[in-house]
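Undergrad: Under full-length UniProt numbering, the first residue of the sequence shown is numbered 1, with each subsequent residue one higher. One structure, pasted below without further comment.
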Amino acid sequence: MAACLTLTWALFSLLFLLLPLAKSQQGGGGGLYFPGFKYAAANISLAGIAKIQPANGLLELTNHTSRLLGHAFYSSPLRLKTSPNGSALSFSTCFVFSIVPEYAKLGGHGLAFALSPSPNPAALPSQYLGLLNSSDMGNFSNHLFAVEFDTVQDFEFGDINDNHIGIDINSLASNKSTAAAYYADDGSGKVDLNLKSGKPNFAWIDYDSRSTVVNVTVSPNSTKPSKPILSYKVDLTPILDEYMYVGFSASTGLLASSHYVLGWSFAIGGGGSRALDLSSLPLLPGPKKNHRSALAIGLSVSAVFVLILAIATVFYLVRKMRNADPIEDWELDIGPHRFSYRELKRATNGFKGKELLGAGGFGQVYRGTLVNSGAEIAVKRISHESKQGLREFVSEISTIGRLRHRNIVQLLGWCRRRGDLLLVYEFMPNGSLDKFLFDGDLKKTPTLSWPQRFHIIKGVASGLLYLHEGYEQVVIHRDVKASNVLLDAEMNGRLGDFGLARLYDHGSNPSTTRVVGTLGYLAPELSRTGKADALSDVYAFGAFLLETVCGRRPIEPKAPAEELVLMDWAWERYREGRVLDVVDSKMEGQFDEREVLMVLKLGLLCSNSKPHQRPSMRLVMRYLDGEAEVPESARAQEALEAERGRIEFEDFINSFASSSFEKMGSSDPSFVMPVSANSPPSFPYGYAGHTR
Ligand SMILES: *[C@@H]1O[C@H](CO)[C@@H](O)[C@H](O)[C@H]1NC(C)=O
Ligand SMILES: *[C@@H]1O[C@H](CO)[C@@H](O)[C@H](O)[C@H]1NC(C)=O
Ligand SMILES: *[C@@H]1O[C@H](CO)[C@@H](O)[C@H](O)[C@H]1NC(C)=O
Ligand SMILES: *[C@@H]1O[C@H](CO)[C@@H](O)[C@H](O)[C@H]1NC(C)=O
Ligand SMILES: *[C@@H]1O[C@H](CO)[C@@H](O)[C@H](O)[C@H]1NC(C)=O
Ligand SMILES: *[C@@H]1O[C@H](CO)[C@@H](O)[C@H](O)[C@H]1NC(C)=O
Ligand SMILES: *[C@@H]1O[C@H](CO)[C@@H](O)[C@H](O)[C@H]1NC(C)=O
Ligand SMILES: *[C@@H]1O[C@H](CO)[C@@H](O)[C@H](O)[C@H]1NC(C)=O
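In structure tokens form, the structure reads like this:
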């Protein structure tokens with residue numbers, strides 16, 4: 001073994017001596033030329049997590065760490081105008097980049113070539129690509145010109161898809177964008193280019209000051225197609241400063257990609273930039289595509305062998321440790337546990353249909369028993385084709401793995417196998433609350449008594465309060481409803497399915513780009529702003545209170561017209577002083593009238609269409625504990641307004657009911673609605689229907 005290592009080391013040293021010494025140098029016409037960045041440390045100013053890999057000179061802008069950015073600009077500003085008041089000069093650039101996503105097919109977020117007044121702009125990661133922040137977006141004083149290679153579709157900026165190229169001026173809402181592709185000169189027309197393939201891509205950006213046109217061209221190889229994929233007429237004179245920093249910026253979001261630049265050339269004037277040759281550029285890490293020599297092959301084979309041996313040893317040790325020990329409490333404290341696929345396969349009897357507990361929009365839930373500890377678990381298997389599912393998965397691990405509360409379904413761990421994502425939860429023997437509330441079959445699911453319901457309600461309230469205030473970050477559930485409330489052996493209500501939860505820090509603005517939730521529980525402001533916050537959870541909690549007391553769904557198309565929308569029906573009866581009419585008849589009048597009245601009033605209060613008139617979960621908890629009195633006539637004023645919108649609203653519900661009710665309800669109860677500035681989906685008063 002020792003001899004082998006020595007030999008490997010000797011071969012490595014030899015290889016470095018033999019390697020052609022690539023050097024940065026000024027190109028023809030005073031341009032920049034970096035065939036790799038190995039000797040460019042003095043010429044490139046790096047910021048964020050950007051680094052030049054010392055071994056091979058690969059410029060790494062970001063790695064697989066979430067929500068970070070990397071900047072790499074040429075260290076001195078370049079003169080792009082002849083004088084402060086002169087017009088912008090022509091320029092050309094060529095570079096080779098590669099985007100290696102953490103999860104195949106899911107990018108995060110993208111890379112941009114930029115002309116910027118600063119080599120390290122005060123910018124945000126994620127959708128801002130490290131170029132701008134939320135306060136300077138679109139400001140003419142930014143003096144920013146960028147070409148983005150974006151692999152995430154941000155509705156906020158009107159992105160066309162998750163694989164596009166765009167020209168950005170002072171903003172990340174592109175002035176012009178196109179799906180990534182190139183026009184092949186061999187006559188095969190337009191060919192799609194996958195930016196996230198992990199392979200090197202060539203890009204050219206040319207600005208001509210006479211015609212004032214920016215052209216962007218991409219290709220999978222060094223042959224520049226003669227027709228650009230993006231051509232945009234813009235005079236850069238008012239946009240650029242006399243001196244500009246030239247370089248690259250990249251960022252990661254919830255999902256991350258490694259963004260690399262392999263080589264770069266840049267030239268001012270009409271002469272064009274120097275061509276780059278892939279064979280003289282650094283290699284990308286990971287599976288090697290082209291080898292410099294047979295020596296390198298031999299080397300990588302022995303390196304791979306050593307690596308495999310090391311991995312196998314580590315793997316063996318880890319497995320041994322894991323097999324010996326059930327999950328310990330301290331392990332849970334570190335974060336969610338990573339299970340092996342075999343362990344879960346054995347636990348669920350190979351994901352047999354017999355063990356299937358249910359199927360949701362994103363995948364199936366199986367029951368299982370861990371072989372080592374005998375602990376019962378529920379395994380949610382997320383179907384791999386659903387991108388949304390994967391996003392959900394990642395957010396679930398980082399969020400709920402660390403949440404701990406007796407009214408929350410604990411995430412024990414996770415596992416990923418190829419495209420399959422598996423989440424392991426505590427097993428909830430009594431299943432979900434909606435079965436008890438809405439199922440007609442009394443033998444399978446006995447009617448819940450009022451004390452049981454009240455106990456569940458208090459539990460869910462306390463779980464939601466924990467999410468909103470008890471954790472270091474505000475966690476928005478986004479999908480509070482009876483079918484996401486699970487019942488443990490003691491019939492405690494526990495909130496589950498945090499797949500849609502997103503974290504945001506206390507105090508900062510929740511920014512989201514789409515409405516996630518279930519129709520019938522969506523707060524009205526969500527359809528306008530798309531911003532979920534604690535108060536939109538309170539709205540859904542209000543709908544949950546009403547459905548728990550009344551034993552029916554928020555919107556029931558089979559009900560008579562006046563009872564269609566539970567909330568309105570309850571309010572109507574409340575005004576008439578007959579609110580107990582709406583109480584679930586299955587309870588046969590066996591309930592504490594004072595408590596039921598209080599919960600109904602609270603339900604109406606929480607589902608106020610004006611967010612600021614809803615109570616916080618802390619206040620809700622005080623009402624439920626009887627420490628404070630729920631105020632009367634919560635919706636009196638609003639009811640008058642609602643009256644005005646009634647006709648409009650019923651038209652909407654009717655048309656919706658006839659077309660999409662059935663489809664929506666049975667297959668996928670969750671609903672994702674993109675929000676864009678141009679077409680805000682408007683639901684009158686936010687009562688959008690959902691049923692099963
Ligand atoms: C890089 O920096 C060195 C040292 O500052 C300088 O001599 C050299 O000209 C620079 N090269 C380029 C291409 O700017
Ligand atoms: C990414 O880079 C940062 C800074 O260099 C480092 O702290 C982090 O561990 C890296 N992450 C990964 C996944 O390599
Ligand atoms: C540039 O224009 C500004 C106002 O437009 C003027 O005040 C300034 O003198 C000009 N500078 C030069 C060098 O021409
Ligand atoms: C946003 O960017 C501008 C311009 O770079 C900067 O002045 C400002 O401080 C930044 N704001 C934040 C909140 O980072
Ligand atoms: C644009 O930025 C400048 C300087 O940072 C600032 O004074 C101005 O108020 C900003 N304009 C807008 C519309 O935000
Ligand atoms: C496009 O570019 C111009 C500057 O030429 C800018 O004022 C405008 O706001 C940009 N944005 C869009 C979306 O067109
Ligand atoms: C941009 O592309 C067009 C063809 O689409 C071409 O006529 C023009 O010369 C190109 N301009 C530059 C600066 O490359
Ligand atoms: C580059 O790709 C184009 C289109 O796929 C192809 O026609 C051309 O032959 C390739 N050139 C080289 C040098 O591989």
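Ideal placement from N, C-alpha and C gives every residue a C-beta, glycine not left out.
Among ALA47, PRO35 and SER75, which one has its Cα closest to the Cα of GLY57?
TA: On the sequence shown, position 57 is the one that residue 57 refers to. The candidate whose alpha carbon is nearest that of GLY57 is PRO35.
Undergrad: Quick check on this structure: which residue in SER585, TRP450 and PRO560 has the alpha carbon closest to the alpha carbon of MET598?
TA: Here residue 598 refers to the residue found at position 598 of the sequence shown. Nearest C-alpha to MET598: TRP450.
Undergrad: In the DSSP assignment, what residue or residues form a beta bridge with THR369?
TA: Within the sequence shown, the letter at position 369 stands for residue 369. Looking at the DSSP assignment, THR369 forms a beta bridge with GLU376.
Undergrad: So who's on the other strand from HIS259, going by DSSP bridges?
TA: Here residue 259 is taken as the residue at index 259 of the sequence shown, counted from 1. The partner list for HIS259 (beta bridge, DSSP) reads THR62 and ILE99.
Undergrad: From the DSSP output, read off the bridge partner residues of ASN215.
TA: Position 215 of the sequence shown, counted from the start, is the residue given in the question as residue 215. Note: ASN215 sits in a beta bridge opposite ASP206 and SER231.
Undergrad: Run the proximity test for THR223: is its beta-carbon closer than 6 Å to any non-hydrogen atom belonging to ligand 8?
TA: If you number the sequence shown from 1, residue 223 lands on position 223. THR223 Cβ: within cutoff of ligand 8.
Undergrad: I want to check one thing, is the minimum distance from the CB of ASN161 to the heavy atoms of ligand 6 below 6 Å?
TA: The count along the sequence shown starts at 1 and reaches residue 161 at position 161. Not so, every heavy atom of ligand 6 lies at least 6 Å from the Cβ.
Undergrad: Given SER98, which residues of its chain have a CB within under 6 Å of its CB, disregarding the five upstream and five downstream residues?
TA: Along the sequence shown, read from residue 1 onward, the residue named residue 98 stands at position 98. Contacts found: PRO200, TYR260 and LEU284.
Undergrad: For residue 695 versus VAL538, is the C-beta distance shorter than 7 Å?
TA: Residue 695 falls outside the range modelled here, since the chain spans only 1 to 692, and no answer is possible.
Undergrad: Any heavy atom of ligand 2 inside 6 Å of the beta-carbon of HIS64?
TA: Walking along the sequence shown from the start, residue 64 turns up at place 64. Within the cutoff, so yes.
Undergrad: What are the partner residues of ASP420, as DSSP defines its beta bridges?
TA: Position 420 of the sequence shown, counted from the first residue, corresponds to residue 420. ASP420 pairs with ARG417.
Undergrad: Just verifying my parser: in three-state terms, what is the DSSP assignment at GLN364?
TA: For the purposes of this step, residue 364 is identified with residue 364 of the sequence shown, where counting begins at 1. Here GLN364 sits in strand by DSSP.
Undergrad: Going by DSSP in three states, PHE140 sits in which element: helix, strand or coil?
TA: Position 140 of the sequence shown, counting from 1, holds the residue named residue 140. Residue state, collapsed to three classes: helix.
Undergrad: To the nearest angstrom, report how far apart ALA173 and LEU522 are at their CA atoms.
TA: Locating residue 173 in the sequence shown gives position 173, where the first residue counts as 1. Locating residue 522 in the sequence shown gives position 522, where the first residue counts as 1. Spanning the two alpha carbons is a distance of roughly 28 Å.
Undergrad: Just to confirm the assignment, what range does the beta strand (DSSP E) spanning THR178 have?
TA: For this step, residue 178 is matched to residue 178 along the sequence shown. Per DSSP, THR178 belongs to the beta strand (DSSP E) from 176-179.
Undergrad: Give the DSSP bridge partners of ARG381, in chain order.
TA: By one-based count along the sequence shown, residue 381 stands at place 381. Per DSSP, GLN364 and LEU422.
Undergrad: Roughly how many angstroms lie between the CA atoms of TRP330 and LEU357, to the nearest whole one?
TA: Counting from one through the sequence shown, the residue named residue 330 turns up at place 330. Counting from one through the sequence shown, the residue named residue 357 turns up at place 357. In this prediction, TRP330 has a pLDDT of 39, which is less than 50 and means its spatial position is unreliable; nothing more can be read from the coordinates.
Undergrad: Which residues does DSSP list as the beta-bridge partners of LYS199?
TA: To locate residue 199, count along the sequence shown from 1; it is residue 199. According to DSSP, which records beta bridges pairwise, LYS199 is partnered with nothing at all.
Undergrad: Are LEU61 and ALA50 closer than 7 Å when you measure CB to CB?
TA: On the sequence shown, position 61 is the one that residue 61 refers to. On the sequence shown, position 50 is the one that residue 50 refers to. At a Cβ-Cβ threshold of 7 Å, LEU61 and ALA50 count as neighbours.
Undergrad: Mapping DSSP to helix, strand and coil, what is ASN484?
TA: Along the sequence shown, one-based indexing puts residue 484 at 484. Looking at ASN484 - three-state DSSP - the assignment turns out to be helix.
Undergrad: Residues in its own chain within less than 6 Å of TYR245 by CB, not counting five upstream and five downstream?
TA: Numbered from its first residue, the sequence shown carries residue 245 at position 245. Cβ within range, chain order: PHE73, PRO77, SER116 and PRO119.
Undergrad: Just to check, is the beta-carbon of ALA180 closer than 6 Å to a non-hydrogen atom of ligand 8?
TA: If you number the sequence shown from 1, residue 180 lands on position 180. ALA180: no, Cβ never under 6 Å from ligand 8.
Undergrad: Is it buried or exposed for GLN127, if we count other Cβ within 10 angstroms and need 16 for buried?
TA: Residue 127 sits at position 127 when you count from the first residue of the sequence shown. Buried: at least 16 other Cβ atoms inside 10 Å.
Undergrad: In angstroms, rounded to a whole number, what distance separates the CA positions of ARG79 and SER92?
TA: Here the question's residue 79 lines up with position 79 in the sequence shown. Here the question's residue 92 lines up with position 92 in the sequence shown. Those two C-alpha atoms are separated by around 14 Å.
Undergrad: With 16 as the cutoff for other CB atoms within 10 Å, does ASN170 come out buried or exposed?
TA: In the sequence shown, the residue the question calls residue 170 occupies position 170. Buried is the call here.
Undergrad: Would you mind stating whether LEU193 and ALA180 have Cβ atoms separated by less than 7 Å?
TA: On the sequence shown, position 193 is the one that residue 193 refers to. On the sequence shown, position 180 is the one that residue 180 refers to. Their beta carbons are under 7 Å apart, which means LEU193 touches ALA180 by this criterion.
Undergrad: Check for me: the alpha helix (DSSP H) holding SER462 runs from which residue to which?
TA: Locating residue 462 in the sequence shown gives position 462, where the first residue counts as 1. Its alpha helix (DSSP H) spans residues 450-465.
Undergrad: Do ASP420 and ALA482 have their C-beta atoms within less than 7 Å of each other?
TA: Taking the sequence shown and counting its residues from 1, the one referred to as residue 420 is at position 420. Taking the sequence shown and counting its residues from 1, the one referred to as residue 482 is at position 482. Cβ atoms of ASP420 and ALA482: not closer than 7 Å.
Undergrad: Just checking, does the stretch 561-576 make contact with the stretch 444-461 on the three C-beta pairs under 8 Å criterion?
TA: In this structure the stretch 561-576 does not touch the stretch 444-461; the number of beta carbon pairs closer than 8 Å is below three.
Undergrad: In whole angstroms, give me the CA-to-CA distance for ARG416 and ASN133.
TA: Locating residue 416 in the sequence shown gives position 416, counting from the first residue. Locating residue 133 in the sequence shown gives position 133, counting from the first residue. Put simply, the backbone Cα of ARG416 is about 34 Å away from that of ASN133.
Undergrad: Going by other Cβ atoms of all chains shown within 10 Å of its Cβ, with 16 needed for buried, is SER265 buried or exposed?
TA: Here residue 265 corresponds to residue number 265 of the sequence shown, with the count starting at 1. The residue is buried, with at least 16 neighbouring Cβ atoms inside 10 Å.
Undergrad: Counting by C-beta, which residues lie closer than 5 Å to a heavy atom of ligand 5, in chain order?
TA: Chain-ordered list of matching residues: ASN139 and SER141.
Undergrad: So is ARG210 buried or exposed if we call it buried at 16+ other beta carbons inside 10 Å?
TA: For the purposes of this step, residue 210 is taken as residue 210 along the sequence shown, with counting starting at 1. The residue is exposed, with fewer than 16 neighbouring Cβ atoms inside 10 Å.
Undergrad: MET491 by DSSP, collapsed to three states: which one?
TA: Taking the first residue of the sequence shown as position 1, residue 491 is located at position 491. Looking at MET491 - three-state DSSP - the assignment turns out to be coil, as it is neither helix nor strand.
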